[in-house]
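To keep things clear, I will list the structure first and then write my remarks on it.
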Amino acid sequence: MPDDDTQKARAAKGLPASNELQIKQLSRNLRRAFEADLDAPVPEHLQRLIDALQARLKDTGGPSRS
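At position 19 of the sequence shown the residue is numbered 19 (UniProt numbering), and the sequence of numbers has no breaks.
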């Protein structure tokens, strides 16, 4: 971890205090983007495919469990 003088110098330049902070921020941003993507509506053509596959699985008794 950088010493206090290094952290102050980086802060004065508008830089993060350490790579750890950058990693934490990137992690938060990626998590938010992933969660937003999960909440996004499924495109219509993919939903039709999902529905057709689910119907086929239902008709055949579901996936085989070996």
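Every residue, glycine too, gets a C-beta built ideally from N, C-alpha and C. Source: prediction; values computed, not measured.
Residue range of the alpha helix (DSSP H) that includes residue i
| i | result |
| --- | --- |
| A52 | 44-60 |
| K24 | 19-39 |
| K8 | 4-12 |
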